[in-house]
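*Asks:* Quick note: the sequence shown uses the working numbering, first residue 38, plus one each step.
Take this structure, written in structure tokens, and hold onto it; I'll ask about it next.
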Amino acid sequence: MTPEEIRLFELERMLRGQTPWSFAFEVLVRVVFIYLILVVSMRLMGRRMAKQMSRNEMAALVSLAAAIGPAMQAPDRGLLPAAFVALLVVGMQRGLASLTARYHRLEQITQGNVTTLVADGCLDHRAISSSLLTRDRIFSQLRSQGLEHLGQVDRLHLEANGSFTTLRAQEERPGLSILPAWDEDAHRAQPEAPGVRACEGCGLLVERGEEPPACDRCGSSAWMRAVGEPPRQKPQPTKGDGPRSRQQPVASSSSGG
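In structure tokens:
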């Protein structure tokens, strides 16, 4: 179409394009065909395509959509090239999945590694920054697991596929509150941990009155109250109480006369 043939804001051209109305029936056939290609391709690429996808799976899906998209509407694009591209993408994805399952180094290069964002109740700012995340995003994820402060967290991992894995601390300890700052009522309801303070930057705990000018872990100079119950002390055995031996079952023997 030459510039002279273009009429700005021509309603019929904007809605119908340059194809006749009869092409709408062909579009219906193309859509059904492309839809079947997508369903079969995603079925062949595995169940992961219906869940959170890895980098390779995302790249395969985007390549598949970009390759077969024009064939759905463009009358000058054939369907066989789209089917060929779909088979090629599926073959590459399945081949790469087989190689990454065999070679761990290749899996690390293509998929990435697991990143620990929280360890022993403290934020790892370097890992969070390299993962392009924020404190608010981390705290939101922990709150979704029913947690209220960092002392309840043993590990928070960012998996290679972008999902989070939260490991709760077996023995709860005091920690930095992760509740929203604006929710003052919820903060007041949290019990203050006696004798300790928490770094506002990472959640590192120090004894009250011994706060350093800067946190040894993150460099923050702000300290705030730690919340949560202190760890329970195990009862000490009283003097004279020795370890009790387990009672062994006594085998009864009968003598025959």
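We treat Cβ as the ideally placed atom computed from N, Cα and C, and that holds for glycine.
In the DSSP assignment, the beta strand (DSSP E) including residue 191 goes from what residue to what residue?
*Replies:* It spans 190 to 195 - the beta strand (DSSP E) in which residue 191 sits, taken as one unbroken run.
*Asks:* What residue range does the beta strand (DSSP E) around residue 245 cover?
*Replies:* Premise fails: residue 245 is in no beta strand (DSSP E) and is neither H nor E.
*Asks:* Quick one: is residue 205 near chain D, going by C-beta distance under 8 Å?
*Replies:* The structure shown contains no chain D, having only a single protein chain.
*Asks:* So, are the CB atoms of residue 123 and residue 101 less than 8 Å apart?
*Replies:* Going by C-beta atoms, residue 123 is nearer than 8 Å to residue 101.
*Asks:* Using the beta-carbon count (16 or more within 10 Å), is residue 190 buried or exposed?
*Replies:* Buried.
*Asks:* Kindly indicate which three-state DSSP category residue 155 falls into: helix, strand or coil?
*Replies:* In this structure, residue 155 counts as strand in the three-state DSSP scheme.
*Asks:* Return the residue from the list 141, 138, 175 and 140 that minimises the CA-CA distance to residue 154.
*Replies:* It is 175.
*Asks:* Does DSSP classify residue 266 as helix, strand or coil?
*Replies:* Three-state DSSP puts residue 266 in coil, outside helix and strand.
*Asks:* Note down, in chain order, each residue of its chain lying with its Cβ closer than 8 Å to the Cβ of residue 209, except the 5 sequence neighbours on either side.
*Replies:* The answer, listed in chain order, is 188, 189, 265, 266 and 268.
*Asks:* Relative to the C-alpha of residue 238, which candidate in 98, 128 and 261 has its C-alpha closest?
*Replies:* Nearest C-alpha to residue 238: 261.
*Asks:* Express the C-alpha separation of residue 131 and residue 169 in angstroms, rounding to a whole number.
*Replies:* For residue 169 and residue 131, the distance between alpha carbons rounds to 29 Å.
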